[in-house]
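To keep things clear, I will list the structure first and then write my remarks on it.
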Amino acid sequence: MPVQIGIVLPTFYGGAYEDNNPTMARLTEFGQRVEDMGFHGLWVIDHLVVAPPIYRTAWLEPLTVLSSMIAVTKRVTVGTSILVTPIRTPAILAKTLNTMDYLSNGRVILGSGVGWWDQEFEVCGFPKKERGERTEETVDILHKLGAGENVSHDGKYWKFKDITMTPRPVQKRIPVWYAGGSAAGHANDVYTPQVERVMRRIARQGDGWLSRAVTNPELMKKDWAMIQQYSKEYGRDPKEITFAHLNLVCLTADDDTNREEGYKRMAKISNMPKEDVLADYMVGTKAQILKRLDNLVELGVRYFVLWPTGFDYELLTWLKETVLHRYEKVQ
Numbered sequence: 334m335p336v337q338i339g340i341v342l343p344t345f346y347g348g349a350y351e352d353n354n355p356t357m358a359r360l361t362e363f364g365q366r367v368e369d370m371g372f373h374g375l376w377v378i379d380h381l382v383v384a385p386p387i388y389r390t391a392w393l394e395p396l397t398v399l400s401s402m403i404a405v406t407k408r409v410t411v412g413t414s415i416l417v418t419p420i421r422t423p424a425i426l427a428k429t430l431n432t433m434d435y436l437s438n439g440r441v442i443l444g445s446g447v448g449w450w451d452q453e454f455e456v457c458g459f460p461k462k463e464r465g466e467r468t469e470e471t472v473d474i475l476h477k478l479g480a481g482e483n484v485s486h487d488g489k490y491w492k493f494k495d496i497t498m499t500p501r502p503v504q505k506r507i508p509v510w511y512a513g514g515s516a517a518g519h520a521n522d523v524y525t526p527q528v529e530r531v532m533r534r535i536a537r538q539g540d541g542w543l544s545r546a547v548t549n550p551e552l553m554k555k556d557w558a559m560i561q562q563y564s565k566e567y568g569r570d571p572k573e574i575t576f577a578h579l580n581l582v583c584l585t586a587d588d589d590t591n592r593e594e595g596y597k598r599m600a601k602i603s604n605m606p607k608e609d610v611l612a613d614y615m616v617g618t619k620a621q622i623l624k625r626l627d628n629l630v631e632l633g634v635r636y637f638v639l640w641p642t643g644f645d646y647e648l649l650t651w652l653k654e655t656v657l658h659r660y661e662k663v664q
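In terms of the working numbering, the sequence shown has 349 at position 16, counting the first letter as 1, and numbering is strictly consecutive.
Spelled out as structure tokens, the structure:
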């Protein structure tokens with residue numbers, strides 16, 4: 334498939350963004366500009382509470398923001414990158430997503446992750462140790478409740494009989510793009526990823542893989558090979574799974590001093606060590622960022638979820654003029 338580009342809405346709230354918080358007017362203008370420029374999707378980040386091991390800021394609630402974007406756009410897909418799935422109850426999540434898909438005429442993607450920040454599980458009352466199993470069962474329930482009448486489920490965490498939920502999604506089923514995989518640097522200590530479990534989850538249930546920013550091409554290549562192998566074991570065609578990549582993007586001028594300025598902008602968001610920020614995130618000149626994108630396309634990425642550090646219209650313009658149609662002939 335040709336490479337597609339989605340843009341993350343800058344829904345940062347508080348912290349270093351206290352004087353530039355997102356408003357409905359700002360989000361609407363930015364979201365509509367993304368659509369008018371021809372990008373393929375609008376995406377949002379999710380953290381229920383501030384998560385200082387990685388981030389310095391909080392975010393607006395993602396499904397609320399995406400619902401507002403559905404009302405002011407007509408074409409772009411809307412997705413979560415990602416939604417911390419195991420702290421939501423599946424029936425309420427299914428009703429919300431199905432309604433969003435109905436109102437948007439089939440434009441919703443669920444980017445799903447198991448979460449990692451202890452406080453989010455504590456405040457919601459779900460044991461963190463159950464996060465993987467709960468996520469997988471939640472996705473099974475989402476698909477069941479979106480597919481038919483008089484649905485029953487007999488799982489480890491939820492049981493119900495003869496449930497009918499409407500409206501159903503316009504899509505045959507709402508696509509689920511799982512996040513996760515190998516991490517690099519300090520993030521490996523924070524996330525403690527269970528790589529094989531995640532890759533098997535993607536291969537069995539996933540419509541896409543949202544590879545994380547804090548990794549490297551060697552790890553991504555290894556993880557993608559695992560997904561392809563496991564999907565065949567489950568009787569699936571690996572081509573059914575979209576290989577996507579999420580990353581922060583910060584353009585700088587052509588010298589090391591401006592790369593330092595880029596780091597300062599990134600540090601408003603990220604609490605990661607400087608060496609990890611500059612190694613993992615896309616901080617650099619236009620040529621440097623373009624080279625990274627080219628290398629990732631060569632690796633197999635077919636969808637980029639690119640995350641500006643604010644309402645960065647200069648970045649949007651460059652992406653439209655240079656990147657958006659660069660990979661149209663890639664298969």
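The C-beta atom is built at its ideal place from N, Cα and C for all residues, glycine as well.
Please read these numbers as outputs of a predicted model, since none were measured by experiment.
Member of the options whose CA lies at the smallest distance from the CA of residue i
| i | options | result |
| --- | --- | --- |
| arginine 530 | Asp540, Asp556, Val367, Ile378 | Asp556 |
| arginine 389 | Gly439, Arg598, Ala512, Val663 | Arg598 |
| valine 409 | Ser400, Leu416, Ile415 | Ser400 |
| valine 441 | Arg366, Val447, Gln452, Ala427 | Ala427 |
| cysteine 457 | Phe576, Gln621, Thr422, Ser445 | Thr422 |
| alanine 404 | Glu394, Arg506, Pro386, Ser437 | Ser437 |
| glycine 444 | Val417, Glu463, His373, Thr413 | Thr413 |
| glutamate 675 | Tyr524, Gly539, Leu381 | In the structure displayed, the chain extends from 334 to 664; residue 675 sits before or after that span and is not available. |
| lysine 462 | Lys494, Thr525, Gly643, Met370 | Thr525 |
| leucine 623 | Asp487, Cys583, Asp434 | Cys583 |
| alanine 517 | Asp487, Met605, Ile474 | Met605 |
| asparagine 354 | His373, Phe644, Thr650 | Phe644 |
| isoleucine 602 | Thr618, Leu581, Glu362, Ala620 | Leu581 |
| leucine 626 | Thr356, Tyr646, Thr650, Thr655 | Thr655 |
| glutamine 621 | Tyr646, Glu482, Asp587 | Asp587 |
| glycine 374 | Arg533, Gln538, Ser515, Gly439 | Gly439 |
| asparagine 431 | Thr499, His486, Arg534 | Thr499 |
Residue i, enclosing alpha helix (DSSP H) - first and last residue
| i | result |
| --- | --- |
| glutamine 538 | 528 to 538 |
| isoleucine 425 | 423 to 437 |
| threonine 471 | 464 to 480 |
| glutamine 365 | 357 to 369 |
| tyrosine 646 | 646 to 651 |
| tyrosine 563 | 550 to 566 |
| glutamine 621 | 619 to 632 |
| alanine 612 | 607 to 613 |
| alanine 404 | 395 to 405 |
| aspartate 451 | 451 to 457 |
Alpha-carbon to alpha-carbon, residue j and residue i
| i | j | result |
| --- | --- | --- |
| methionine 334 | tryptophan 449 | 32 Å |
| leucine 629 | valine 341 | 18 Å |
| tyrosine 567 | tryptophan 376 | 29 Å |
| arginine 659 | serine 544 | 21 Å |
| tyrosine 614 | leucine 648 | 15 Å |
| methionine 402 | isoleucine 338 | 17 Å |
| alanine 480 | lysine 505 | 8 Å |
| leucine 475 | leucine 416 | 14 Å |
| phenylalanine 493 | alanine 384 | 34 Å |
| glycine 513 | aspartate 570 | 20 Å |
| proline 641 | glutamine 527 | 28 Å |
| alanine 358 | lysine 662 | 36 Å |
| asparagine 666 | glutamate 608 | Since the first residue shown for the chain is 334 and the last is 664, residue 666 is missing from the structure and cannot be characterised. |
| methionine 559 | glutamate 573 | 15 Å |
| leucine 657 | alanine 577 | 15 Å |
| phenylalanine 372 | valine 411 | 11 Å |
| tyrosine 596 | lysine 619 | 15 Å |
| proline 460 | aspartate 451 | 9 Å |
| alanine 424 | aspartate 495 | 13 Å |
Beta carbon of residue i nearer than 7 Å to that of residue j
| i | j | result |
| --- | --- | --- |
| threonine 497 | proline 419 | no |
| glycine 753 | tryptophan 491 | Here the chain has residues from 334 to 664 only, and residue 753 is not among them. |
| tyrosine 636 | threonine 585 | no |
| leucine 396 | threonine 429 | yes |
| glycine 446 | glutamate 470 | no |
| aspartate 434 | proline 508 | no |
| alanine 391 | glycine 364 | no |
| valine 678 | leucine 579 | The question about residue 678 has no answer here: the residues shown for the chain are numbered 334 through 664. |
| leucine 632 | lysine 565 | no |
| threonine 406 | glutamate 362 | no |
Whole-Å CB distance - residue i paired with residue j, under 8 Å assumed
| i | j | result |
| --- | --- | --- |
| isoleucine 378 | threonine 344 | 7 Å |
| valine 484 | leucine 478 | 6 Å |
| arginine 592 | valine 616 | 6 Å |
| alanine 536 | tyrosine 563 | 3 Å |
| valine 398 | leucine 360 | 7 Å |
N-terminal and C-terminal residue of the beta strand (DSSP E) that residue i is part of
| i | result |
| --- | --- |
| aspartate 487 | 484 to 487 |
| glutamine 337 | 337 to 341 |
| serine 445 | 441 to 446 |
| valine 377 | 374 to 377 |
| valine 656 | Run containing valine 656: none; DSSP gives neither H nor E here. |
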